[in-house]
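Enquirer:
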Amino acid sequence: MAEFLFEIGLEEIPARMIAGAQAELERRAVAMLERERLVAAGAASRSFATPRRLAVWVANVAEQQEDITEDLVGPSVKVAYKDGAPTAAAAAFAKKAGIAIDALKTIATPKGEYLAATSIRQGRSATEVIAEELPKELAGIYWAKNMYWRAGRPERFVRPVRWLLALLGSKPVNVSFGGYEAGDVTYGHRVLFGEKPIRLKSPGEYEQALEKSFVVADVEVRRQKIRKALDKVTRTVPGLRWREDEALVETVTQLTEWPSVVLGGFEAEYLTLPEEVLVTVMRDHQKYFAVEDKDGKLAPYFLAVLNTETDEAGLAIIRHGNERVLRARFNDARFFWEFDQRLSLKDRVDLLKNVTFQKDLGSYAAKTTRVRKLASALAGLALERRCELNPVALDEAALLAKADLTSELVKEFTELQGVVGGLYARAQGFGAATADAIYDQYKPVSMEDSVPRTPEGAVLAIADKADTIAGMFGLGMEPTGSKDPFALRRAANGIVKILAETAVALPLTLGEVASAACGQNDTLAEKVRGFLAERLEFYLREARGQAYDVVKAVLAAGADDVRDAVARAEAVTAVRGSDDFAAVSAAFKRMKNILHQSEGSGEPDEATHSEGVALHPAQAVLADEAQGARLRVTELLGRSDYVAALETIATLRPHVDKFFEEVMVLDPDPAVRQSRLVLLAAIVDDIRRIADLSEIVVAG
Amino acid sequence: MQAIAEKKAAHTFQELLFTLQRFWADQGCVLQQPYDVEVGAGTMSPDTFLRVLGPKPVRIAYAQPSRRPADGRYGENPNRLFRHTQLQVILKPPPVRIQELYLESLTAIGIDLSQHDIKFEEDNWEWPVGGAWGVGWQVMLDGLEITQFTYFQQCGGMDLDPICGEITYGLERIAGFLQDVDSIYDIVWAVEPDTGRKVTYREMRLAEEEQFSAYSFDYADVTKLWEHLNLYEAECLHLLEEAKTFEKMDALKLKRFPVLGAYELALKCSHVFNLLDARGAISVTERVGVMARIRTLVVGVARIYAAQGQQISELAKK
């Protein structure tokens, strides 16, 4: 048994791809070793990654595969020998078994005598197997974008390979890939250690040897080192705090091998620019952390994470350089801000004719016209249902929503679209309702993002997204599989999330949104509605953590009203643990089956039901109780109190149980049978208003 | 800070260029002069765009003034230019130590890497009109993007083999950094050795920025620009059409066939398009169409360039 270490040295891997590739290399290497019987299942392993390397370490790797002994049965003796001499069939079998013909045995089977052999497949050495198998695993690693670099285009990888290291115990393993053969050599930090080779005697030395060469190979250790350094450096100015930003911590962790942190400052006068702009410049463009004071207000400082360590003089140079860049960026932003004020948002609307939205859907001017119409239609529906919404502000926001796309600030900082429009609207004296709606129109950009703060913003955001979806679907550009180039799924998720979470009830249904967005085209509207319903299913599962069967049950009872579907799903989840509910679910399934079986079997129509039919006592009780329950349930459903409604239905349990125990539904007398079917149908319908409980998986 | 500024003042703009050219000449690069037709980037010079095609090894370096009419700011913005200068280094096939060589070039211009923070951050490049793309990095020095580093993968819609390494230095950026000035116009271009007078970037280029910004935003005659575009395009298309008869040409006619001339015409179209764009004269509906027209020219030229090279070598074999 020995430790195994493999490292592939690369030119800088894109930060966004490192974590995935690191995990995949570890998974593939371990699976390969297991498959090849070189490690036991669940072997201990670790992995490492920096911008310039991916590595995997595995404990307890066998140096040799065990031999495999196999008992083989060959052709029948009759076929294997002719006139006492072995035939070609015997020779072929001996060759397959890897032994001489005269060493073959014969065994007796019910079908007669057969040739047999015990074959021993000799285990191969681990170095041989790894050298053969590992390159295939490397070639299989997924990269979002890869490249050729060697003449003749022999392989593609994320970036050119620069070295390979493979050690089994103290022995190098002959893995070759990308024009390199693995050895026992790795390399340290580009600048701090240079190009000197670092020779390893054993896998266990790896982490420490790199540490001495200014590389922290363990990603978690590097992340913690950065967090600590951020804390420490920030504390040098009393009262300051760095703004937590997990995604940024991840990025800088993947951009560095030997991180350190420098605190820089900028002139306080830039704080007059909107915080959104300053933070975007620092975070998105410079990968700097923003710093705030005790009250959470932006302070004129930033933190840069460096991939080096230097003395005070060097640090002063680096700080100065970063400050200079940031000042230039802020100057640009201020210049754009001031320059943009020369033309009001109103005047910019006209310029949108020259900004393409999508080549077949026309310009943003055309989109603006469509979105205004759509927003106004949706607002009409919302107002009818007493949503508190200011239609004038909404229309103004819809008109001005895309105007910021012509501003210099948005051209420079595209991620601030909408936000800039909102800020300009305020600066230019538009009302808060208008400005906030413009500001929030792209929300939510992800499942984690918040929804628009106001009903005007919510309607505008829905209209904008629905217009894009309807337009793209109209062109046949629907998302397929993993391909969704126009992020239509994200847009649809956004619509669902807004309808589900907008604080002020926005009583719109998916069907209404789809129809309004698709105009007269019913086929298209149906498609869009289906797409939105599919996203509702996703939302219930992913954002609300609802179980798969609950989601199916609830959506089978209706997938149009988002808030209602969420409430129903939560109610089902809340009561599903109770015994009564489980029993009612089972009964529901039974009733549904009975109704299904009796369908189309020539039943008399419902009008002729139970009059004059003598009721079985259990049926009479159930009918009574069900009648009472129905009144309460109807009232509870009116208040959307689904938990209470389900609990009410669950109280029918003893009566349902008794009914099924004592009564045969499919009575030979058609009138009796019909009266029982009608009763069951009524109960099933009550429950179905909440969820199709036959979808619920009952444990045990 | 004073000490920093003094230390960095060592390089004038022109010394920076000399030093980098000297460095790459020592690595075996042929120093080419800037191409004399308007281009938007050093990549568009035929020394890059056409020479990366085919199997022939290339090492070449040149400074390329690059015009981007829409980026003009009448000389009022300290960081943005209508015309900036790129130093373009083309290495086909890329040497194994290409990154290390690049870092050595920084040392050569006086950047002590032990006192700076340098990162290679993913940044891929593409020029859809040229059917060209590559993967690579932007090189960040103390938070400043100083270089675009690309491994060319495709050009003219054709796979490259071998691929090509391209290093593009932003000379104004680097000079501003080395001289620690906040405005490009304050960069010292040269110093008169006898008088010690400093000639600045402002002195050399400001008028050009002011006038060309005004030309592209305010003066350029849209109707005439469209005419120019149509004329250049027609002539380029005519040559592309004639290139279909390569197989019937004898060796002399073949090698004299003006593929390079066709490329210049395509570049002219590209530049006129940029002017029209800056002038705000291209509507949404037109835009996609005009870009497709120019793509037809540029990609078409790349194809006939490759075809010409192949046909010549086939004739030589006979």
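Protein chains in written order, with our numbering: chain A, 16 to 715; chain B, 189 to 506.
Where a beta carbon is used, it is the ideal one built from N, C-alpha and C, also for glycine.
Could you please give me the residues that DSSP links to A:P669 through a beta bridge?
Expert: In DSSP, A:P669 forms no bridge with anything.
Enquirer: Does the CB of B:F308 have a neighbour CB from chain A at under 8 Å?
Expert: Cβ-Cβ to chain A under 8 Å: yes for B:F308.
Enquirer: For A:L321 and A:V277, I'd like the C-alpha separation in whole angstroms.
Expert: 7 Å
Enquirer: Comparing alpha-carbon positions, which option in B:R239, B:I278, B:E292 and B:I297 lies nearest B:Q202?
Expert: B:I297
Enquirer: According to DSSP, is B:G477 helix, strand or coil?
Expert: helix
Enquirer: What residues are listed by DSSP as bridge partners for A:S275?
Expert: Among the bridge pairs identified by DSSP, A:S275 is matched with A:L321.
Enquirer: If you reduce the DSSP assignment to three classes, tell me which class B:E145 lands in.
Expert: The requested residue 145 of chain B is not part of the displayed model; chain B covers only 189 to 506.
Enquirer: Out of A:D575, A:E640 and A:A659, which one is the CA nearest neighbour of A:K673?
Expert: The shortest Cα separation from A:K673 among A:D575, A:E640 and A:A659 belongs to A:E640.
Enquirer: Comparing the C-beta of B:S501 with each C-beta of chain A, is any distance below 8 Å?
Expert: no
Enquirer: Per DSSP, what kind of secondary structure is A:L555 in: helix, strand or coil?
Expert: Note: A:L555 maps to helix in three-state DSSP.
Enquirer: Of all the options A:I332, A:A343 and A:R258, which has the alpha carbon lying nearest to the alpha carbon of A:G311?
Expert: A:R258
Enquirer: What number of angstroms, rounded off, separates the C-alpha of A:L286 from the C-alpha of A:S593?
Expert: 58 Å
Enquirer: Taking beta-carbon pairs under 9 Å, can you tell me which members of the segment 22–40 of chain A lie near chain B?
Expert: E26, E27, I28, P29, A30, R31 and M32
Enquirer: For A:I241, decide whether its Cβ has a neighbour in chain B, counting only Cβ atoms nearer than 8 Å.
Expert: no
Enquirer: What residues match up with B:G260 in a beta bridge as DSSP calls it?
Expert: None, per the DSSP bridge assignment.
Enquirer: Taking 7 Å as the limit between beta carbons, can you name the residues of its chain near A:A696, skipping five residues before and five after?
Expert: L610
Enquirer: Below 7 Å between beta carbons is the criterion; list the residues of the segment 333–354 of chain B that meet it against any residue of chain A, in chain order.
Expert: Y339, Q341, D349, P350 and I351
Enquirer: Please classify A:A706 as buried or exposed, where buried requires at least 16 other C-beta atoms within 10 Å of its C-beta.
Expert: buried
Enquirer: Could you check if B:H426 is buried or exposed, using at least 16 other CB atoms within 10 Å of its CB as the buried criterion?
Expert: The residue is exposed, with fewer than 16 neighbouring Cβ atoms inside 10 Å.
Enquirer: Output the distance between the C-alpha atoms of A:A381 and A:R505, rounded to the nearest integer angstrom.
Expert: A:A381 and A:R505 have their C-alpha atoms spaced approximately 22 Å apart.
Enquirer: Could you tell me the boundaries of the beta strand (DSSP E) in which A:M606 lies?
Expert: A:M606 -> not in any beta strand (DSSP E); alpha helix (DSSP H) instead, spanning D594 to S613.
Enquirer: Closer than 7 Å, Cβ to Cβ, to anything on chain B: give me those residues from the segment 243–275 of chain A, in chain order.
Expert: L270
Enquirer: Is the number of C-beta pairs between the segment 220–240 of chain A and the segment 287–296 of chain A that are closer than 8 Å three or more?
Expert: no
Enquirer: Specify whether the segment 403–418 of chain A and the segment 448–460 of chain A touch according to this definition: at least 3 beta carbon pairs, one from each stretch, less than 8 Å apart.
Expert: yes
Enquirer: Any C-beta of chain B within less than 9 Å: which residues of the segment 150–165 of chain A qualify?
Expert: K160, N161, M162, Y163, W164 and R165
Enquirer: Using the beta-carbon of each residue, which ones in chain B are nearer than 7 Å to A:V206?
Expert: The answer, in chain order, is L301, S302 and I306.
Enquirer: Taking one C-beta from the segment 251–271 of chain B and one from the segment 343–359 of chain A each time, how about it: are there three or more such pairs within less than 8 Å?
Expert: yes
Enquirer: Leaving out the 5 sequence neighbours to the left and right, which residues in its chain are closer than 8 Å to A:T623 when beta-carbon positions are compared?
Expert: At A:T623 the pLDDT is 48, less than 50, meaning the model places this residue with poor confidence and gives no usable figure here.
Enquirer: Would you list the residues sitting across from A:S60 in a DSSP beta bridge?
Expert: A:V73
Enquirer: On the DSSP bridge list, what partners appear for A:F19?
Expert: A:V73 and A:L183
Enquirer: For A:M606, count neighbouring C-beta atoms within 10 Å of its own C-beta (all shown protein chains included) and say buried if the count is 16 or more, exposed if not.
Expert: Counting C-beta atoms within 10 angstroms of its own C-beta, A:M606 has 16 or more neighbours from the protein chains shown and is therefore classed as buried.
Enquirer: Are the CB atoms of A:D86 and A:A115 nearer to each other than 8 Å?
Expert: no
Enquirer: Suppose the cutoff is 6 Å on Cβ atoms and the five residues either side in sequence are ignored; what does the same chain contact list for A:L13 look like?
Expert: As displayed, chain A neither begins before 16 nor continues past 715, which places residue 13 of chain A out of reach and without an answer.
Enquirer: Determine, using beta carbons only, whether A:K227 comes closer than 8 Å to chain B.
Expert: no
Enquirer: Can you say whether B:S401 is buried or exposed, counting buried as having 16 or more other CB atoms within 10 angstroms of its CB?
Expert: buried
Enquirer: Along chain B, which residues have their Cβ under 7 Å away from the Cβ of A:N608?
Expert: Those within 7 Å of A:N608 in chain B number zero; the least Cβ separation is about 58 Å.
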